[in-house]
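In the numbering used here, the protein residues as written are 769 to 963. By construction, the Cβ of each residue, glycine as well, lies at the ideal position given by its N, Cα and C atoms. All values reported here derive from a predicted model rather than from experimental measurement. This report refers to the structure that appears directly beneath it.
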């Protein structure tokens, strides 16, 4: 074997080793992110519920809804945040189906989480009244009585939204979870008032 062919074989071997190490590194990074998400999730979960067991794979089941390239920018943003929300919830240990069947009211909720229908809303508004109104519409039209609010594009915090929904409750709203800074935050929306 010539020195040139030996060098080529060694180079190919080294290339394969580097490819394997890159894959392992990516896997370790993903595991580290999941561990941090689970730890953060355990801290932000309400004390009234049990922390769900982690599940595999990290991502939600079902097909993520996709817009087409001719879709409006806002619709594309909304679908991207919806998919992101499903993955954050799944990484936090929730059993998420992104393509549940039509509900009894003839509506198509965005998710089925742990056996219940949920709709996802990703406001770009910083106005609490607008966000509350959108949530109320989803509940009133029977899209879902439990709502995921992805706050990634809004100036509103989960605490501000929780306070708004406690001060000005939405009749029929069962539960709200916020996606904030890549974490799931359960909102306590209990109040003595009714809308």
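Contact with chain D by residue i, beta-carbon distance below 8 Å
i           : result
residue 955 : Although the question refers to chain D, the structure presented lacks it and comprises just one protein chain.
Local Cβ density within 10 Å of residue i, reported as buried at 16 or more and exposed below that
i           : result
residue 905 : exposed
residue 864 : buried
residue 949 : exposed
residue 773 : exposed
residue 841 : exposed
residue 924 : buried
residue 785 : exposed
Whole-angstrom C-beta distance between residue j and residue i, which should lie under 8 Å
i           : j           : result
residue 907 : residue 938 : 6 Å
residue 959 : residue 934 : 5 Å
C-alpha distance - residue i paired with residue j, whole-angstrom precision
i           : j           : result
residue 897 : residue 915 : 16 Å
residue 790 : residue 922 : 36 Å
residue 795 : residue 780 : 23 Å
residue 729 : residue 940 : One cannot answer for residue 729 here, as it falls past the ends of the chain, which runs 769 to 963.
residue 869 : residue 776 : 55 Å
residue 874 : residue 884 : 15 Å
residue 788 : residue 797 : 14 Å
residue 792 : residue 860 : 22 Å
residue 770 : residue 778 : 12 Å
residue 856 : residue 903 : 20 Å
residue 802 : residue 848 : 20 Å
Contact under 8 Å by Cβ, residue i with residue j
i           : j           : result
residue 886 : residue 877 : yes
residue 918 : residue 853 : yes
residue 956 : residue 930 : yes
residue 932 : residue 901 : no
residue 846 : residue 890 : yes
residue 920 : residue 946 : no
What residue ranges within the segment 853-886 form continuous beta strand (DSSP E) runs of no fewer than 3 residues, ordered along the chain? Those beta strand (DSSP E) runs which fall completely within the segment 853-886 and span 3+ residues are 879-881.
Ignoring anything shorter than 3 residues or poking outside the segment 890-950, list the beta strand (DSSP E) runs there in chain order. Fully enclosed beta strand (DSSP E) runs of no fewer than 3 residues occupy 914-918 and 943-948 of the segment 890-950, in order along the chain.
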